[in-house]
Amino acid sequence: MKKILILVASITVISCQDNVPKCNDPEVLKIIYSVINENKDKMTFDAEIFGIMPYGNKKELTSENLEITNLLTKSKDAELSSCGCEGKLTIKNISEENTVLEGLIEYTAQKDTENNIIVKVENLSTLKVVK
Numbered sequence: 616m617k618k619i620l621i622l623v624a625s626i627t628v629i630s631c632q633d634n635v636p637k638c639n640d641p642e643v644l645k646i647i648y649s650v651i652n653e654n655k656d657k658m659t660f661d662a663e664i665f666g667i668m669p670y671g672n673k674k675e676l677t678s679e680n681l682e683i684t685n686l687l688t689k690s691k692d693a694e695l696s697s698c699g700c701e702g703k704l705t706i707k708n709i710s711e712e713n714t715v716l717e718g719l720i721e722y723t724a725q726k727d728t729e730n731n732i733i734v735k736v737e738n739l740s741t742l743k744v745v746k
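First residue of the sequence shown: 616, per the working numbering; consecutive thereafter.
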């Protein structure tokens, strides 16, 4: 019985030490959506859509029209409580023509000393019109 308790206690301690945020953590994605919204005027596109840039109307990007999929964990550092991530960014329904844009996004998520998640977008590729 003692061996089982020690084993359970060891597993609990080890699993609690892994305080690294995950690439698909809802809080991480929420922060990324916010960063993209704040910087959408700096995004680059492979073509103008019908003679105007897609964000001329300053439409708000939300989880309904912004999606990050195909997420990969590129790096993980338990000591720094950080992970490096990459995924496909898709933006839908940003114009009356229901245009769809896609690109790659790379970001790092890290927990600070107060256990808050900090996200830094490292790279956002040129967005391409796919529909």
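From the three backbone atoms N, C-alpha and C, an ideal C-beta is built for every residue, glycine too.
query	result
DSSP three-state label for cysteine 653, please.	Correcting the residue type first, residue 653 is glutamate in the shown sequence and not cysteine. DSSP places glutamate 653 in helix when its eight states are reduced to three.
So what's leucine 644 in DSSP terms, helix, strand or just coil?	helix
So, is valine 643 buried or exposed, given that buried needs 16 or more other C-beta atoms within 10 angstroms?	buried
Looking at C-alpha atoms only, which residue of Lys655, Leu742, Thr714 and Thr688 is the closest neighbour of aspartate 640?	Thr688
Go to glutamate 679, then tell me how far its beta strand (DSSP E) extends in each direction, as first and last residue.	Glutamate 679 -> no beta strand (DSSP E), and no H or E assigned at all.
Under the three-state reduction of DSSP, which class applies to asparagine 756: helix, strand or coil?	This structure cannot settle anything about residue 756, because the visible part of the chain is limited to 616 through 746.
Who are the Cβ neighbours of valine 650 in its own chain at under 8 Å, not counting the five residues just before and after it?	Val734 and Val736
Using a Cβ-Cβ cutoff of less than 6 Å, which residues in the same chain neighbour threonine 659 once the five nearest sequence positions on both sides are dropped?	Thr741
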